[in-house]
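Residue numbers for the sequence shown follow numbering that gives the first Met the number 0, beginning at 0 and rising by one. A virtual CB, placed ideally from N, CA and C, is assigned to each residue, including glycine. Since the model is a prediction, treat every value here as computed from it, not as a measurement. One structure is given below, encoded as structure tokens.
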Amino acid sequence: MEVMTKAKGRIDIPEERILTIPEGLFGFEQYTKFALCDSDYEPFLWLQSLEDMNLAFLIVDPFLISSNYETDIDDESLAKIGIESPEDIIIMTIVTVPQDGSAITANFQGPLVINKKNRQCMQVILSDNRWTTKVNIIDALKAKGDE
0 MEVMTKAKGR
10 IDIPEERILT
20 IPEGLFGFEQ
30 YTKFALCDSD
40 YEPFLWLQSL
50 EDMNLAFLIV
60 DPFLISSNYE
70 TDIDDESLAK
80 IGIESPEDII
90 IMTIVTVPQD
100 GSAITANFQG
110 PLVINKKNRQ
120 CMQVILSDNR
130 WTTKVNIIDA
140 LKAKGDE
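Right, dumping it as structure tokens:
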């Protein structure tokens with residue numbers, strides 16, 4: 000599928016990288032169709048809206064950043080996107096790169112849950128107070144390296 004992207008212009012995306020987010024993301028509920036696009040900076044990906052080419056989020060696997068990250072999400076929530084077993088789940092977090100040069104952060108409190116079988120996705124809010132919306136990626140990587 001051809002997709003117009005914010006970062007790379009028009010690119011071809013395989014169907015298996017197209018996601019539906021039925022309830023949208025918090026603050027962007029009206030957008031429900033997205034594509035996972037490679038970024039120039041691995042391991043980051045772009046979550047590109049298919050409905051507005053100017054809407055894209057940088058995302059990353061939080062387990063690459065923190066070895067003690069945990070998501071405790073109830074089965075009822077997971078059932079909304081057809082999750083039947085833990086093997087169906089991919090967890091990603093939205094990354095913020097401030098223009099003022101301050102710390103690059105990841106939203107560990109509001110991860111994305113992707114059902115890799117049906118490509119349905121949702122954003123959840125974790126009640127665990129260990130996680131915030133602004134986890135400093137460099138600090139977390141240093142702490143992970145010290146473990």
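| query | In whole angstroms, what is the alpha-carbon distance linking Tyr68 and Ser126? | reply | Roughly 13 Å between the two C-alpha positions.
| task | Could you tell me which of Lys5, Arg118, Trp130 and Asn128 sits nearest to Lys32, measuring between CA atoms? | result | Minimum Cα distance to Lys32 is reached at Arg118.
| task | Over the uninterrupted alpha helix (DSSP H) stretch that includes Lys115, give me the two end residues. | result | Run containing Lys115: none; DSSP gives neither H nor E here.
| Taking Cβ positions only, does Asp74 come closer than 8 Å to chain B? | In summary, chain B is missing from the structure at hand, where a single protein chain is found.
| task | Going by CA-CA distance only, name the one from Glu41, Val59 and Gly8 that's closest to Ile90. | result | Distance from the Cα of Ile90 is smallest, within the candidate group Glu41, Val59 and Gly8, for Val59.
| Mind checking Asn221: buried by the 16 CB within 10 Å criterion, or exposed? | This structure leaves residue 221 out entirely; the chain is present only between 0 and 146.
| said: Please list the terminal residues of the continuous alpha helix (DSSP H) segment that includes Ile136. | reply: It spans Ile136 to Asp145 - the alpha helix (DSSP H) in which Ile136 sits, taken as one unbroken run.
| Residue ranges of each beta strand (DSSP E) within the stretch 17 to 71, 3 or longer | Along the stretch 17 to 71, the beta strand (DSSP E) occurs as fully enclosed runs of 3 or more residues at 17 to 19, 32 to 37, 44 to 48 and 55 to 59, listed in sequence order.
| query | Arg16 to Asp145, Cα distance in whole Å? | reply | Using only the alpha carbons, I get a separation of about 35 Å.
| task | For Gly8, write down the residues that DSSP places opposite it in a beta bridge. | result | Partner(s): Thr4.
| In three-state terms, what does DSSP make of Leu77? | If DSSP states are grouped into helix, strand and coil, Leu77 belongs with the helices.
| Distance cut-off 7 Å: Phe27 Cβ against heavy atoms of the ligand COA | In the structure on display, the ligand COA does not appear, and there are no ligands present to speak of.
| Who are the near neighbours of Thr150 in its chain, counting only those whose CB is closer than 6 Å to its CB and skipping five residues on each side? | Given that the chain is displayed from residue 0 to residue 146, the structure contains no residue 150 and the question cannot be resolved.
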